[in-house]
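Each residue of the sequence shown is one higher than the one before, counting from 4 in our numbering.
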Amino acid sequence: MTPSIILITGLMAAGKSSVAQALAERLPKSVHLRGDLFRRLIVRGRADLGFELTDEALAQLNLRYDIAVNVAKMYLAAGFTVVYQDIILGHTLTQLVANLQPAPLYVVVLCPNVDAVAKRELERNKRGYADLAEVAQFDRVLRAETPRVGLWLDSSLMTVAETVDQILARLPAALIDSEP
4 MTPSIILITG LMAAGKSSVA QALAERLPKS VHLRGDLFRR LIVRGRADLG FELTDEALAQ
64 LNLRYDIAVN VAKMYLAAGF TVVYQDIILG HTLTQLVANL QPAPLYVVVL CPNVDAVAKR
124 ELERNKRGYA DLAEVAQFDR VLRAETPRVG LWLDSSLMTV AETVDQILAR LPAALIDSEP
């Protein structure tokens, strides 16, 4: 595979981290770039993220995206395929895609159904949602407000390995054309 960036996005508890790690492990020279790492690096003054974002939370989220884009491009320039995983919803996805180009770019949106996400949330060691009703709010933003770019994959009934198999088999459908 030619070095490229594979962006994996979706809701919290959609399986992004597990899928991105497993995908990166199947590629010959790869990096798993976890976008939330840059948020966790903030020791003091980290704004809480939730369905409603304060101005400070939005500024920190945009900073996180900017750092991740730059790091992804640096790894790409060094010859790595970057599997960049983060929560990128709504029209922010369009902007992030533009910021990652003209790199060879694939976008995969994991979109398991609300019940699957809620079940996965309950099975995790961490909590991303204030309550399970919030899953449906985020899901609405994903399905109604996020541009349909790349490969949208309903992984509700798939294991991590099956999801990675589907991504690799359907990777051409995830390619983002950098031509205007």
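All residues carry an ideal CB built from backbone N, CA and C; glycine is no exception.
These figures come from a predicted structure and were not determined experimentally.
| Start-end ranges of the alpha helix (DSSP H) lying completely within the segment 90-127, minimum 4 residues | Within the segment 90-127, the complete alpha helix (DSSP H) runs of at least 4 residues are 95-103 and 117-126.
| query | Grouping DSSP H, G and I as helix and E and B as strand, with all else coil, what is Val46? | reply | Walking along the sequence shown from the start, residue 46 turns up at place 43. Note: Val46 maps to coil in three-state DSSP.
| In its own chain, which residues sit with a C-beta less than 6 Å from the C-beta of Leu108, not counting the 5 before and 5 after it? | Counting from 1 along the sequence shown, the entry for residue 108 is found at position 105. Only Ile8 and Ile179 meet the Cβ criterion.
| said: What does the alpha-carbon distance come out to for the pair Asp51 and Val110? | reply: Reading the sequence shown from its first residue, position 48 is the one you call residue 51. Reading the sequence shown from its first residue, position 107 is the one you call residue 110. Cα-Cα distance, rounded: 27 Å.
| Using CA coordinates, which residue listed in Glu124, Arg67, Cys114 and Leu61 is at the minimum distance from Ser159? | Counting from one through the sequence shown, the residue named residue 159 turns up at place 156. Distance from the Cα of Ser159 is smallest, within the candidate group Glu124, Arg67, Cys114 and Leu61, for Cys114.
| query | According to the neighbour-count rule (16 or more other Cβ atoms, all chains shown, within 10 Å of its Cβ), is Glu28 buried or exposed? | reply | Stepping through the sequence shown from its first residue, residue 28 is reached at position 25. So Glu28 counts as exposed.
| task | Would you give the residue range spanned by the beta strand (DSSP E) that Arg29 belongs to? | result | In the sequence shown, residue 29 corresponds to position 26, counting from 1. Premise fails: Arg29 lies in the alpha helix (DSSP H), Lys19 to Arg29, not in any beta strand (DSSP E).
| message | Could you compute how far the alpha carbon of Ala75 sits from the alpha carbon of Arg127? | response | As a working note, residue 75 is residue 72 in the sequence shown. As a working note, residue 127 is residue 124 in the sequence shown. It is roughly 27 Å from the alpha-carbon of Ala75 to the alpha-carbon of Arg127.
| Among Phe141, Gly82 and Asp134, the one whose alpha carbon lies nearest that of Gly93 | For the purposes of this step, residue 93 is taken as the residue at position 90 of the sequence shown. Among Phe141, Gly82 and Asp134, the Cα nearest to that of Gly93 belongs to Phe141.
| Arg151 in three-state terms, based on DSSP | Within the sequence shown, the letter at position 148 stands for residue 151. Under the three-state reduction of DSSP, Arg151 is assigned to coil, being neither helix nor strand.
| field | Thr166 (DSSP reduced to helix, strand or coil) | value | Numbered from 1 along the sequence shown, position 163 holds the residue referred to as residue 166. Thr166: helix per DSSP, three-state reduction.
| query | Taking C-alpha atoms, which residue in Leu156, Leu36, Gln63 and Ala23 lies nearest to Arg47? | reply | Your numbering for residue 47 matches position 44 in the sequence shown. When each option's Cα is compared against that of Arg47, the closest is Gln63.
| query | To the nearest whole angstrom, what separates the beta carbons of Val34 and Val85, a pair I think is in contact under 8 Å? | reply | The count along the sequence shown starts at 1 and reaches residue 34 at position 31. The count along the sequence shown starts at 1 and reaches residue 85 at position 82. With 8 Å as the limit, Val34 and Val85 qualify as a contact, their Cβ atoms being about 5 Å apart.
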